[in-house]
Every structure is written in structure tokens, then in C-alpha cells.
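Asks: Here's a structure for you.
Number of protein chains: 2
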Amino acid sequence: MSGAKYIRPTESELEILQVLWAKGTASVREVHEELLKTKEAGYTTTLKLMQIMNEKGLVVRDDSIKTHIYQPAVSREKTQQHILGKMINTLFSGSATELVIQALGNHQASPGELEEIQKILDQLKAQEEK
Amino acid sequence: MSGAKYIRPTESELEILQVLWAKGTASVREVHEELLKTKEAGYTTTLKLMQIMNEKGLVVRDDSIKTHIYQPAVSREKTQQHILGKMINTLFSGSATELVIQALGNHQASPGELEEIQKILDQLKAQEEK
DNA sequence: ATCAACTTACGAAGCGTATCGTAAATTTGG
DNA sequence: CCAAATTTACGATACGCTTCGTAAGTTGAT
């Protein structure tokens, strides 16, 4: 049962979720300050977005105190998976491999990161042989 | 100079672009028939979308004939890069590696594909040592 | 030449996102 | 305690995406 239909966050909502995922919990002001580092927006805009996210169930908030405290209600990994999956379909003909290749080819990775990827690759190969 | 600001296709537009990228050129009807395989929509809806895409410069069309023929005006790779880049920023804290790991971990790849990825990885490693 | 089928053009409507102004409530510093 | 600052709530607006109805133009078969 369930269904519990997945809500796809909008672009702005993802920006806010990023902050919340990093901080764990935060007030509107904290999130807003963080957003200002990259973009500009009015305080009430951020507030409104977070209120809407609350209605949607993307975040939960503690309003027992004056300055409400928000935290994410959706996991970072699940959200990444959903959007990634969607993207693989509509932009890479359903091939995750194609996406990986594009990502590897055009966005530099450090030696350490390459090693990390190598490990995962080795694991996957090992699984094949079972 | 240029600027030539990049136009980000919407979700529906991407679906249409996918068809055009695959076929090279196509009429509205051909695109529409293709779309019907996955979703349902009215013919005029597809038509309107393609007209808008034409205005935006996402596609070009030959209207010297009665049944207009469309073709993509943006490359698949460039489009993938743009969207991928955006996604890496807003969803993976700017880390392409993180995206690759998620993609590898959750969407199965065939042995052949793993090999393909391995090759790219080897190339990148080789570059490091220069 | 005429009718049916097909195609394009145009405009309107519904909906969601993003933005912000303003007012009300609450907290805090002096 | 009062004024200033902070925070929330509410509503309005603008804009873009998506969808579709309807009209007008074109083609093809009889």
C-alpha cells in the first residue's frame, strides 16, 4: 500500500534543502543568510518558500518556539535518486552509463576521487562474477 | 562577443528533443506518435510546444513544404552538459564524483558498460601523471 | 470541384513557481 | 515599559509551462 507519492522539489526548494541537509536544522534566517552567499533574494521570499515546503511535507518545523526551526523531511539520497533517475530517462535514453561517462568526461575529479570511483567499479565487477 | 545565452529546455521540451535527436528530422506528427508511446497528449499540444521551441531557438524548421519538418538546433551533448552541471551544483554540492557514485550504485550497468567506464577512468588516471 | 482529412495558427485558461509588500505578533535593548 | 527590530502570516502579482478548443488553410480522393 501507501503510494506516499513522491514530491519533486523545485529548483529553489532544492537550494533550501541543500542548506538544511548540511546543517541538520536551521531557522529561516540561517537558511536565508546561507542562500545570500550564492544568490540574492528577499527574506520573505525564503520564508514563503519554506512555508510552502512545510505544507508539501518537504520539511518539518518546530514552531513551539518563536523563531521556528526547520529540518528536512526528505532524505538527500532518496531525492538524489529520484531526480537522477528522471534525468537518466529524459536526457540519457535511460542509460546510467552514458550519464556517468558524460559526468566523468567533463567535470574534473581529483586523484582521490578517481580512486573512490575505482573502488566502486571493482565492487560492481566482483558482483558480476558471482 | 555573444553571450548567446543558453536556453534551458523544459521537461516537455526535452522529451521532444529526445525524439528529434534520435530521428534527426521529423514532422510534428512523427514526434507526436513517438511521444504517445510513453505519455498521452493532444496533437495540438505537441504542435504548440514545437512552435514555442522554434521561437526559442531550440529547434529549426523547414516550412517551405506544407508539413513542416523540424530538427534540433541544440546539441544533445551540450544540453546534457548544461543540465548535468546544474544538477551537480544544486544536488551534489558541486561534486561530480558524488553524482557518479550515486549513479553507479543505484542503476545497474552491464559488464560491457563497466568496461567502458573503466577505460575512461584509466584515461583520467593517466592524465594525472603527466 | 467538392468533401473529408490533415495541418498550422492563434488565443485562452489553469496551474504552479517565485517574488514581494504589508500587517500582525513577538522579542529585546535601553 | 516602550520603541525598535525580528519574525511570521497573508495575499497579490508576474511569469512560464502545459493543455486544449477553434478557426483557417492545404491536400487528396472521388
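These protein sequence lines map, in sequence, to chains H and A.
Oh and the first sequence: position 13 is 12 in numbering that gives the first Met the number 0, straight run, nothing missing.
Oh and the second sequence: position 111 is 110 in numbering that gives the first Met the number 0, straight run, nothing missing.
Glycine included, every Cβ here is placed at the ideal spot set by N, Cα and C.
#1: Taking the runs of the beta strand (DSSP E) that are 3 residues or longer, which of them lie wholly in the segment 49-108 of chain A?
#2: Any beta carbon from chain H within less than 7 Å of A/Val-27's own beta carbon?
#3: From this set, A/Gln-117, A/Asp-121, A/Gln-79, which residue's C-alpha is nearest A/Thr-9's C-alpha?
#4: Consult DSSP for H/Ala-125 and reduce its assignment to one of helix, strand or coil.
#5: Would H/His-67 pass as an interface residue toward chain A - the criterion being a Cβ-Cβ separation below 7 Å?
#6: Distance, Cα to Cα, A/Ala-125 vs A/Leu-90?
#7: Report yes if the C-beta distance between A/Ala-95 and H/Val-99 is below 7 Å; otherwise report no.
#8: Do you know how far the Cα of A/Glu-114 is from the Cα of H/Ser-109?
#9: Taking 7 Å as the CB-CB limit, is A/His-31 close to chain H?
#10: Got a sec: is the Cβ-Cβ distance from A/Glu-39 to anything in chain H below 7 Å?
#11: So which residues on chain A does H/Thr-44 lean against when the C-beta distance must stay under 7 Å?
#12: To be precise: take each residue of the segment 82-93 of chain H, compare its Cβ to all Cβ atoms of chain A, and keep it if any distance is under 8 Å. Which residues remain?
Replies: Result, derived from the coordinates:
#1: 58-61, 68-71
#2: By 1-based counting over the second sequence, the position of residue 27 of chain A is 28. Closer than 7 Å: no.
#3: Indexing the second sequence from 1 puts residue 9 of chain A at position 10. Ranking the options by Cα distance to A/Thr-9, first place goes to A/Gln-79.
#4: Position 126 of the first sequence, counting from 1, holds the residue named residue 125 of chain H. Of the three classes helix, strand and coil, the one that applies to H/Ala-125 here is helix, per DSSP.
#5: Sequence index remark: in the first sequence, residue 67 of chain H carries index 68 (1-based). No, no contact with chain A.
#6: The residue you call residue 125 of chain A lines up with position 126 of the second sequence. The residue you call residue 90 of chain A lines up with position 91 of the second sequence. Their backbone Cα atoms lie some 29 Å apart in a straight line.
#7: Working through the second sequence from its first residue, we reach residue 95 of chain A at position 96. Working through the first sequence from its first residue, we reach residue 99 of chain H at position 100. No, Cβ-Cβ distance for A/Ala-95 and H/Val-99 is not below 7 Å.
#8: Translated into the one-based positions of the first sequence, residue 109 of chain H becomes position 110. Translated into the one-based positions of the second sequence, residue 114 of chain A becomes position 115. Using only the alpha carbons, I get a separation of about 21 Å.
#9: As a first step, residue 31 of chain A must be located in the second sequence, where it is residue number 32. Not closer than 7 Å to any Cβ of chain H, the Cβ of A/His-31 fails to qualify, so no.
#10: Counting from one through the second sequence, the residue named residue 39 of chain A turns up at place 40. Chain H, which has no Cβ nearer than 7 Å to the Cβ of A/Glu-39, makes this no.
#11: Taking the first sequence and counting its residues from 1, the one referred to as residue 44 of chain H is at position 45. Result: empty, since nearest Cβ-Cβ is about 17 Å, beyond 7 Å.
#12: The residues in question are Ile-82, Leu-83, Gly-84, Met-86, Ile-87, Thr-89, Leu-90, Phe-91, Ser-92.
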